[in-house]
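Here our numbering is used: position 376 in the sequence shown is 379, and no number is missing along the way. What follows is one structure encoded as structure tokens, with my remarks underneath.
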Amino acid sequence: MEEGGQRDRRRAAPATVGAEGRQIFVELGEQNFDAICLSTYRTACKLRFIQKRCNLHLIDIYNVIEAVRDAGLNAVELNAGISVTRVENLVSSLFNQLSKRLPTTYTINARECTVLLVEFLLAAIDSEPDSQLTVLFVKAILATLCGGKLVDKLRYVFSQVSDSNGVLVQSKFDGFLREALKLPTAVHEGPSFGYSNTLARSCFPQQKRVMLNMFLDIVANPPQCLVWLPLMHRLANVEHVYHPVSCSYCRCNSMTGFRYRCLRCRGYQLCQNCFWHGNASGSHNNQHQMKEHSSWKSPATKLGRALGRTLGCVSSREPPHPIYPEEPERTLNLANIVSVDSASRQDEEHKLIARYTSRLAESDVCFSFPREILAEIKRLRVEHDAACQSSPEKGSTNPTLLAELRQLRQRKDELEQRMSSLQESRRELMVQLEGLMKLLKDEEQRQAAQAAGSSHASPSRPSPSTARSAGAVSPQAHVYPPQDSLAGVGGDVQEAFAQGSRRNLRNDLLVAADSITNTVSSLWLFLRLEVLFDRTEEFIMSKY
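Shown next, in the form of structure tokens:
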């Protein structure tokens, strides 16, 4: 009856819907994917085109899980039938939520995407005789074609085909393979990846209990029937990868996507289009083993990684997927709190939560424990406030403590006065240092001017009488600028310059700098004493 209702629903669909649904297969044929020699790449390219044409690559697996939960399909058996109207509502909610998440610069036609995807699902159902639209089919197809990481998709699939102990159920996994392999059949790749009754056993032939991590090994070593699934995800990852090397067949200067290197012919590399179509040139032929590269590494990077692996600094092989706990997460059992009769077992999850919250609102027993905790917190706060208020009263009755506090305060005042005097001395020293630097600068300018004047004088050698007259000049002529220029500087600087040329100006500057350093050190010491005094006072106040 369910299958007949679905056929009637499809016949009642408007003609435009069917035309739009067939349009996706017309566009698929225009891509000329059938020219690809290898069936695995051919199937992956076709399904990748369907994924992008329906904008499913923009929808994450977690968005699919949320939409399926909101549609109430988690409470329905996997093998139960589902109407086309319900599938349309589910797909429509997916694309409507997607259009809200996308930026304003990127828009999609949610109605067109819904029609295309629903018609493709119905075409996949019609690709095999005696098949019907089930909940497992919708979950399997959406989980396979949506965007996101392959590991996350397989974890969701395992949650659907395993029991409560986290062990794979072969019958459920066989049903998943039956539904998932309708995708290659829908794109006319059924002869290569069709379904058979022995596929489920052949995927894990020697394992009696298949757990989650063993099931996720499909990522690294997929069975033959699902080898196109990891390849489809690798295609999505390398669509914009650039390789700055030329193809040995088509002679293009660069490659985008996969790059294939022959392991026998030295330096022979092919782009993905030439490799997929079986092109070869020179001594190379299609029987040679090729290595697939999904990224470009410079020779220096390759050498560094090789040395790292040789020296044991870098792990030679990374795990294909993270290791997850084998035990599944236990869901909250509300059966002992809310009575769930047989008639309401198929209700949606939010209705069960609503009944649970209403039961909690009617009962006061569930909130007795938090009230006791709040009362205890209030009592402890009152005791703490009383203890804080009684501490100063106890301290005021102790004369020894008062005397110690008085001495400490007096010492603090002395330290503050000393610190202010040190700050004043530091200020004066800074003024003197500034004056000394100015005098030094003027002296250097004067010497530079004298040197420039002597360079313009006559190069003839002076007469002895001139030399003697120059040597007879009074020593006061060589004294530095007059003392009037030191009127605004401290007395120490004037005393330093009182003896004229017998003193060295640079030594005086060094002495002044040492004095400033000592003063700052003393200031820092007194600041530390003040901090120590404050901590001591706080300790005494807290103790008494």
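Every residue gets a Cβ at the ideal spot worked out from N, C-alpha and C, and that includes glycine.
Local conformation of residue i per DSSP, three classes
i: L171; result: strand
i: R254; result: coil
i: H592; result: Limits of the chain in this structure are 4 at one end and 547 at the other, which puts residue 592 out of reach.
i: S134; result: coil
i: Q290; result: coil
i: G193; result: helix
i: C206; result: helix
i: Q163; result: helix
i: R409; result: helix
i: H296; result: strand
i: Q54; result: helix
i: C391; result: helix
i: T201; result: coil
i: L425; result: helix
i: C149; result: coil
i: C268; result: coil
i: Y44; result: helix
i: H60; result: helix
i: Y65; result: helix
i: L273; result: strand
i: P485; result: Because the pLDDT of P485 is 42, which lies under 50, any placement of that residue in the model is unreliable, and the question is left without a value.
i: A15; result: Since pLDDT at A15 reaches only 36, below the 50 mark, its modelled position is unreliable, and no value is offered.
i: Y359; result: helix
i: R212; result: coil
Below-9 Å beta-carbon distance, residue i vs any chain D residue
i: N168; result: Absent here is chain D; the protein component of the structure consists of one chain.
Cut-off 6 Å between Cβ atoms - residues of its own chain near residue i, not counting five sequence neighbours on either side
i: N282; result: Y252
i: Y198; result: R181 and L184
i: S468; result: Unreliable positioning characterises S468 in this predicted model, as indicated by a pLDDT of 44, which lies under 50. The coordinate reading is nonetheless provided below. So the list is empty, once near-sequence residues are dropped.
i: I128; result: S134 and L136
i: N289; result: G281 and A283
i: Q275; result: G260 and F261
i: N99; result: A113
i: D177; result: A203
i: K175; result: V164
i: A452; result: none
i: S42; result: S195
Close Cβ partners of residue i (< 7 Å) along its chain, the five nearest in sequence each way excluded
i: F218; result: L157, F161 and L171
i: V94; result: T117, L120 and V121
i: P233; result: L153, V222 and P225
i: Q272; result: V248, C250, S251, R262, Y263 and R264
i: L124; result: V90 and I144
i: E131; result: K185 and T188
Close beta carbons around residue i, own chain, < 8 Å, minus the five adjacent residues each side
i: L530; result: M422
i: W527; result: none
i: I326; result: N216
i: Y109; result: none
i: L425; result: T522, S525, L526 and F529
i: S428; result: T522
Cβ separation of residue i and residue j, assumed to be a contact under 8 Å, to the nearest whole Å
i: T137; j: G84; result: 6 Å
i: K49; j: L61; result: Not confirmed; about 19 Å, so no contact.
i: S195; j: T46; result: 7 Å
i: A38; j: H280; result: 6 Å
i: L145; j: F179; result: Going by Cβ atoms, the distance from L145 to F179 rounds to 13 Å, so no, they are not a contact pair.
i: N92; j: A74; result: 7 Å
i: M258; j: H246; result: 4 Å
i: S297; j: V241; result: 5 Å
i: I64; j: G151; result: 4 Å
i: Q227; j: R267; result: Going by Cβ atoms, the distance from Q227 to R267 rounds to 26 Å, so no, they are not a contact pair.
i: L97; j: A70; result: 5 Å
i: N58; j: I111; result: 5 Å
i: R56; j: L238; result: About 14 Å; that fails the 8 Å criterion.
i: Y159; j: I53; result: Not confirmed; about 20 Å, so no contact.
Closer than 8 Å: residue i CB and nearest the ligand ATP heavy atom
i: E427; result: Annotation note on the ligand ATP: not contained in the displayed structure, which lists no ligands.
### Message
Just to confirm the assignment: which complete alpha helix (DSSP H) runs, minimum length 4, are found wholly within the segment 429–464?
### Response
Qualifying alpha helix (DSSP H) stretches: none in this window.
### Task
With a floor of 4 residues, list each alpha helix (DSSP H) that falls wholly inside the segment 72–124, ordered by position along the chain.
Taking only runs of at least 4 residues, the alpha helix (DSSP H) segments lying wholly in the segment 72–124 are 87–104.
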